[in-house]
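Below: the structure, in structure tokens.
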Amino acid sequence: MDKLGLFLCGWTGGPRRYGEKYGPIAIPPAHAHLPIIEVEKDARLACMQVALQEQDYPPAFKIYFLKQLTVPASHIVPVRQNRR
Ligand code: HEM
Numbered sequence: 005m006d007k008l009g010l011f012l013c014g015w016t017g018g019p020r021r022y023g024e025k026y027g028p029i030a031i032p033p034a035h036a037h038l039p040i041i042e043v044e045k046d047a048r049l050a051c052m053q054v055a056l057q058e059q060d061y062p063p064a065f066k067i068y069f070l071k072q073l074t075v076p077a078s079h080i081v082p083v084r085q086n087r088r
């Protein structure tokens with residue numbers, strides 16, 4: 005939770021707290037040891053959507069935030085599994 009929170013702070017345009025504490029990171033390699041398939045990617049994004057709905061953020065921010073997650077989420081699904 006700490007790593008994800010710090011990473012998303014910088015990812016959405018704020019201070020780059022993840023790098024300050026844990027060093028450099030690239031999202032696809034950080035997930036390379038996980039055999040994540042398309043349906044799991046979708047499930048993870050759906051969880052984030054539910055979590056966002058529970059927050060008192062402006063609707064425009066919720067849309068922006070989910071969009072910011074969608075592209076990197078697609079990049080961590082290995083190509084061979086994406087084709088299934
Ligand atoms: C697409 C579906 C995704 C799944 C199923 C997933 C799952 C996971 C899991 C299981 C870990 C823990 C790995 C470990 O400790 O061995 C992890 C770490 C992490 N994930 Fe994801 N993730 C997904 C997408 C994303 C996206 C879209 C982002 C950011 C835009 C993200 C950011 C991170 C970060 C920052 C870490 C910590 C990495 C580290 O410091 O070791 N993840 N993820």
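Once you know that position 83 of the sequence shown is 87 in our numbering, the rest is easy, because the numbers rise by one and skip nothing. Note that the Cβ used here is the ideal one computed from N, Cα and C, for glycine as well.
CB contact flag (residue i, residue j, <8 Å)
i	j	result
Arg21	Leu10	yes
Val75	Ile40	no
Ala77	Leu49	yes
Ile29	His79	no
Nearest candidate by alpha-carbon position, reference residue i, set the options
i	options	result
Lys71	Met52, Asp6 and Glu42	Met52
Gly23	His35, Val54 and Lys7	Lys7
Contact shell at 6 Å, judged by CB to any heavy atom of the ligand HEM, ordered along the chain: Every residue with a CB closer than 6 Å to a heavy atom of the ligand HEM is listed here in chain order: Lys7, Leu8, Phe11, Trp15, Tyr26, Ile29, Ile31, Ala34, His35, Leu38, Ile40, Glu44, Lys45, Arg48, Leu73, Pro76, Ala77 and Ile80.
3-residue-minimum beta strand (DSSP E) runs that sit fully inside the segment 16–59, ordered along the chain: Taking only runs of at least 3 residues, no beta strand (DSSP E) segment lies wholly in the segment 16–59.
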